[in-house]
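> Chains as they are written, first to last, in this note's numbering: chain F, 94 to 389; chain D, 7 to 262.
Backbone N, C-alpha and C define an ideal beta-carbon position, used for all residues, glycine too.
Keep in mind the model is a prediction, meaning the values are calculated, not measured.
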């Protein structure tokens with residue numbers, strides 16, 4: 094049998110923090126041709142902010158819904174000089190974050206970090222860090238459903254047409270329904286945005302509290318949807334506007350509390366039930382930010 | 007001289023070898039209600055779908071002349087065409103479930119049309135939607151209810167409100183009272199008639215029910231096997247049908 098550097102040798106897979114670098118893998122798991130294909134999709138996506146570029150998503154050694162799109166984008170952008178940070182719901186120590194970090198440690202032997210400022214590439218699920226992103230950072234989102242019009246129009250052929258002709262009037266129907274039912278816009282996550290005054294985009298299930306952070310960000314923001322086979326992007330310093338009504342402007346909601354660990358009043362909080370009596374505690378969802386603030 | 011709002015010349019559409027409609031020519035003037043009658047399979051729906059942009063005809067010309075602006079409907083770009091359909095035309099389906107979003111409230115359904123032409127002020131959308139829901143005789147307390155909780159007649163009236171709210175220039179109706187029972191039919195017809203008079207609407211209405219045509223239409227055309235066999239003022243055609251088929255059609259109406 095001819096041996097190429099793409100052949101994967103299946104070994105006993107032990108999930109362990111100290112997974113050793115496995116040289117049998119190509120760097121960052123994906124073969125070079127796949128990376129090239131994905132990089133082309135990324136470049137196209139960067140040229141047309143918010144436009145969903147189809148790509149030939151690969152089978153990854155993890156189930157759909159665990160970030161197969163984000164992992165492929167990360168793998169294609171990763172170089173040996175990169176420092177990687179992976180977060181899930183803002184935390185570095187949750188299952189999804191730990192397993193993806195181990196995956197890249199094992200397949201690419203790169204440095205990893207939990208500190209936002211030190212990372213050159215950050216992959217995320219459901220949050221944007223509290224520490225502002227900066228120049229030369231790449232920020233990768235995991236996206237379950239990339240199509241913001243899907244709930245209105247189930248036909249993909251039709252949503253493509255709606256995007257190409259900027260027929261976005263119906264997008265406000267969802268917001269209208271929210272206000273008529275609840276008196277305010279109830280949509281709290283995956284809050285639709287307009288990118289560069291052109292494409293309506295689903296920002297992935299980040300809380301709407303994070304939406305303003307996407308606007309005019311100096312970092313490159315990439316979105317990967319593995320199951321739906323779409324990549325889209327926001328280039329640095331691009332206008333990203335959340336949809337709203339003139340008389341009901343966008344409101345980046347957060348819980349009216351301070352963090353019980355670090356005392357921060359302007360960060361996004363998780364609500365945690367702490368005992369059987371239903372007592373609650375509010376803590377920062379961004380663990381790196383919270384730790385740093387606590388230790389100051 | 008009055009310029010026709012819609013001028014159709016030699017319009018043909020076939021499905022493989024089956025003729026949908028053949029060599030149709032007609033004109034529609036502002037404020038006119040045109041009825042299209044014929045038995046099922048005669049090409050009524052094919053014709054109305056071609057005119058409203060739901061179907062692409064094989065041959066012919068469709069020219070709209072709205073506010074002295076001529077639109078060659080079959081030779082404009084797709085984006086212009088969709089914009090034209092959105093702002094200048096409206097389509098009332100036989101089954102209101104085809105024209106409404108059933109998982110969106112009544113107000114949201116009416117408001118969608120406004121939002122699609124650029125309204126971005128919730129208060130204004132809401133008050134216009136309330137005005138129109140009153141106009142079609144639905145209690146305004148039902149504005150936040152889902153259409154699935156509405157009766158058939160209410161659904162049809164809701165669909166009419168949704169279509170008329172942006173004051174379209176031509177309204178297409180495909181058997182608007184088709185699936186309704188007689189008393190509800192009478193109420194919807196009465197509503198359409200009063201709206202037509204009040205707002206001076208231009209309507210093309212398709213029906214197999216001659217009573218509906220007599221009540222609403224100023225002019226009518228009779229179709230058979232995809233072609234127009236007779237046309238003229240409704241009263242004239244219905245009182246003194248010239249063609250054998252039209253005579254049959256008129257004499258087949260049951261009288262109670």
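1) What did DSSP end up calling residue 253 (chain D) once you bin it into helix, strand or coil?
2) Give the straight-line distance between the Cα atoms of residue 76 (chain D) and residue 337 (chain F), rounded to the nearest whole angstrom.
3) Are the beta-carbon atoms belonging to residue 374 (chain F) and residue 353 (chain F) less than 7 Å from one another?
4) Any idea what DSSP makes of residue 105 (chain F), helix, strand or coil?
5) Under 7 Å between C-beta atoms, does residue 148 (chain D) make it to chain F?
6) Alpha carbons only, please: which of F:356, F:125, F:148 and F:152 is nearest the one belonging to residue 316 (chain F)?
7) In the DSSP assignment, what residue or residues form a beta bridge with residue 229 (chain D)?
8) May I have the straight-line CA-CA distance separating residue 19 (chain D) from residue 237 (chain D), to the nearest angstrom?
9) At a cut of 8 Å, does the stretch 193 to 213 of chain F reach the stretch 250 to 259 of chain F through at least three beta carbon pairs?
10) To the nearest angstrom, how far is it from the Cα of residue 199 (chain D) to the Cα of residue 218 (chain D)?
11) Would you say residue 114 (chain D) faces chain F, with C-beta separation under 7 Å as the test?
12) Any beta-carbon of chain D closer than 7 Å to the one on residue 271 (chain F)?
13) Which parts of the stretch 191 to 218 of chain D are runs of the alpha helix (DSSP H), unbroken and 4 residues or longer, counting only runs that do not cross its ends?
14) What's the C-alpha gap between residue 232 (chain F) and residue 214 (chain F)?
15) Quick check: the stretch 218 to 228 of chain D against the stretch 32 to 48 of chain D, are there 3 or more CB pairs under 8 Å?
16) How about residue 166 (chain D) and residue 202 (chain D): do their beta carbons lie closer than 7 Å?
17) Would DSSP call residue 196 (chain F) helix, strand or coil?
18) Could you name the residues of chain D that residue 295 (chain F) contacts, counting a contact when the two beta carbons are closer than 8 Å?
19) Does any residue of chain D bring its CB to less than 7 Å from the CB of residue 339 (chain F)?
20) If I'm right that residue 271 (chain F) touches residue 361 (chain F) with Cβ under 8 Å, what's the distance once you round it to whole angstroms?
21) With DSSP as the reference, label residue 128 (chain D) as helix, strand or coil.
22) Please list the partners that residue 258 (chain F) has in chain D, where partner means a Cβ-to-Cβ separation under 9 Å.
23) Quick one: does residue 310 (chain F) have its CB under 7 Å from some CB of chain D?
24) Assign residue 205 (chain D) to one of two classes, buried (16 or more other C-beta atoms within 10 Å of its C-beta) or exposed (fewer than that).
25) Give a yes or no on whether 7 Å exceeds the smallest Cβ distance from residue 122 (chain D) to chain F.
26) Fully enclosed by the stretch 106 to 154 of chain D, which alpha helix (DSSP H) runs are 4 residues long or longer?
27) Do residue 252 (chain F) and residue 268 (chain F) come within 7 Å of each other at the CB atom, strictly closer than that value?
28) Using CA atoms only, rank isn't needed, just tell me which of D:48, D:28, D:72 and D:94 is closest to residue 15 (chain D).
29) Can you give me the C-alpha to C-alpha distance between residue 54 (chain D) and residue 189 (chain D), rounded to a whole angstrom?
30) Once you ignore the five residues that flank residue 103 (chain F) on each side, which residues in its own chain have a CB closer than 6 Å to its CB?
31) Expressed to the nearest angstrom, what Euclidean distance is found between the alpha-carbon atoms of residue 65 (chain D) and residue 301 (chain F)?
32) If I follow the unbroken alpha helix (DSSP H) through residue 131 (chain F), where does it start and stop?
33) Identify, in the order they occur along the chain, each residue of the same chain with its Cβ nearer than 6 Å to the Cβ of residue 309 (chain F), setting aside the five sequence neighbours on each side.
34) Check for me: the alpha helix (DSSP H) holding residue 255 (chain F) runs from which residue to which?
35) Tell me whether the stretch 153 to 173 of chain D and the stretch 77 to 85 of chain D touch, counting them as touching only if at least three CB pairs, one residue from each stretch, are closer than 8 Å.
36) So the candidates are F:296, F:387 and F:166; which of them puts its Cα closest to the Cα of residue 351 (chain F)?
Concretely, from the data shown:
1) Working through the second chain from its first residue, we reach residue 253 (chain D) at position 247. In this structure, residue 253 (chain D) counts as helix in the three-state DSSP scheme.
2) As a working mapping, residue 76 (chain D) is identified with position 70 in the second chain. As a working mapping, residue 337 (chain F) is identified with position 244 in the first chain. Distance between the alpha carbons of residue 76 (chain D) and residue 337 (chain F) is about 36 Å.
3) For the purposes of this step, residue 374 (chain F) is taken as the residue at position 281 of the first chain. For the purposes of this step, residue 353 (chain F) is taken as the residue at position 260 of the first chain. Contact: yes.
4) In the first chain, the residue the question calls residue 105 (chain F) occupies position 12. Low per-residue confidence applies at residue 105 (chain F): pLDDT is 48, beneath 50, and the placement is therefore not dependable, though the value from the model is reported in the following sentence. Judged by DSSP in its simplified three-state form, residue 105 (chain F) adopts coil rather than helix or strand.
5) Within the second chain, residue 148 (chain D) is the residue found at index 142, counting from 1. It does not: the Cβ of residue 148 (chain D) has no partner Cβ on chain F nearer than 7 Å.
6) One-based indexing of the first chain puts residue 316 (chain F) at position 223. Nearest of F:356, F:125, F:148 and F:152 to residue 316 (chain F), Cα basis: F:148.
7) Within the second chain, numbered from 1, the residue matching residue 229 (chain D) stands at position 223. Looking at the DSSP assignment, residue 229 (chain D) forms a beta bridge with D:234.
8) Against the second chain, residue 19 (chain D) aligns to sequence position 13. Against the second chain, residue 237 (chain D) aligns to sequence position 231. Rounded to the nearest angstrom, the gap between the Cα atoms of residue 19 (chain D) and residue 237 (chain D) is 20 Å.
9) Short answer: they don't touch.
10) Position 193 of the second chain holds residue 199 (chain D). Position 212 of the second chain holds residue 218 (chain D). Their Cα atoms are separated by approximately 10 Å.
11) To locate residue 114 (chain D), count along the second chain from 1; it is residue 108. Residue 114 (chain D) counts as touching chain F.
12) The sequence position of residue 271 (chain F) within the first chain is 178, counting from 1. No, no contact with chain D.
13) For the stretch 191 to 218 of chain D, not a single whole alpha helix (DSSP H) run of length 4 or above is found.
14) Within the first chain, the letter at position 139 stands for residue 232 (chain F). Within the first chain, the letter at position 121 stands for residue 214 (chain F). Taking the straight line from one Cα to the other gives about 6 Å.
15) The stretch 218 to 228 of chain D vs the stretch 32 to 48 of chain D: in contact.
16) Your numbering for residue 166 (chain D) matches position 160 in the second chain. Your numbering for residue 202 (chain D) matches position 196 in the second chain. Their beta carbons are not under 7 Å apart, which means residue 166 (chain D) does not touch residue 202 (chain D) by this criterion.
17) Residue 196 (chain F) sits at position 103 when you count from the first residue of the first chain. Looking at residue 196 (chain F) - three-state DSSP - the assignment turns out to be helix.
18) Translated into positions along the first chain, residue 295 (chain F) becomes position 202. The premise fails here: residue 295 (chain F) is roughly 19 Å from chain D at the closest Cβ pair, so nothing lies under 8 Å.
19) Position 246 of the first chain, counting from 1, holds the residue named residue 339 (chain F). Yes, residue 339 (chain F) lies at the interface with chain D (some Cβ there is under 7 Å from its Cβ).
20) Here the question's residue 271 (chain F) lines up with position 178 in the first chain. Here the question's residue 361 (chain F) lines up with position 268 in the first chain. No, residue 271 (chain F) and residue 361 (chain F) are not in contact; Cβ-Cβ is about 20 Å, not under 8 Å.
21) Position 122 of the second chain, counting from 1, holds the residue named residue 128 (chain D). When DSSP states are grouped into helix, strand and coil, residue 128 (chain D) belongs to the helix group.
22) Looking up residue 258 (chain F) in the first chain gives position 165. Those are 84, 85, 88 and 89, listed as they occur along chain D.
23) As a first step, residue 310 (chain F) must be located in the first chain, where it is residue number 217. No, residue 310 (chain F) lies away from the interface with chain D (no Cβ there is under 7 Å from its Cβ).
24) Numbered from its first residue, the second chain carries residue 205 (chain D) at position 199. With fewer than 16 Cβ atoms within 10 Å of its Cβ, residue 205 (chain D) is classed as exposed.
25) Indexing the second chain from 1 puts residue 122 (chain D) at position 116. Chain F contact via Cβ: present.
26) For the alpha helix (DSSP H) assignment, the uninterrupted runs of no fewer than 4 residues enclosed by the stretch 106 to 154 of chain D are, from N- to C-terminal side, 112 to 122 and 128 to 141.
27) The residue labelled residue 268 (chain F) in the question sits at position 175 within the first chain. The residue labelled residue 252 (chain F) in the question sits at position 159 within the first chain. For the pair residue 268 (chain F) and residue 252 (chain F), the CB atoms are not nearer than the 7 Å cut-off.
28) On the second chain, position 9 is the one that residue 15 (chain D) refers to. The shortest C-alpha separation from residue 15 (chain D) is found at D:28.
29) In the second chain, counting from the first residue as 1, residue 54 (chain D) sits at position 48. In the second chain, counting from the first residue as 1, residue 189 (chain D) sits at position 183. Roughly 27 Å between the two C-alpha positions.
30) Locating residue 103 (chain F) in the first chain gives position 10, counting from the first residue. Residue placement at residue 103 (chain F) is flagged as unreliable, the pLDDT there being 49, under the threshold of 50; the coordinate-derived value follows with that caveat. Here the set comprises nothing.
31) Within the second chain, numbered from 1, the residue matching residue 65 (chain D) stands at position 59. Within the first chain, numbered from 1, the residue matching residue 301 (chain F) stands at position 208. Between the C-alpha atoms of residue 65 (chain D) and residue 301 (chain F) there is a straight-line separation of about 51 Å.
32) Position 38 of the first chain, counted from the first residue, corresponds to residue 131 (chain F). Its alpha helix (DSSP H) spans residues 125 to 140.
33) To locate residue 309 (chain F), count along the first chain from 1; it is residue 216. Leaving aside the five residues that flank residue 309 (chain F) on each side, the residues in its chain whose CB is nearer than 6 Å to its CB run, in chain order, 330.
34) For the purposes of this step, residue 255 (chain F) is taken as residue 162 along the first chain, with counting starting at 1. Residue 255 (chain F): member of the alpha helix (DSSP H) spanning 249 to 257, first to last residue.
35) Segments in contact, no.
36) The residue you call residue 351 (chain F) lines up with position 258 of the first chain. Minimum Cα-Cα distance from residue 351 (chain F) among the listed residues F:296, F:387 and F:166 corresponds to F:387.
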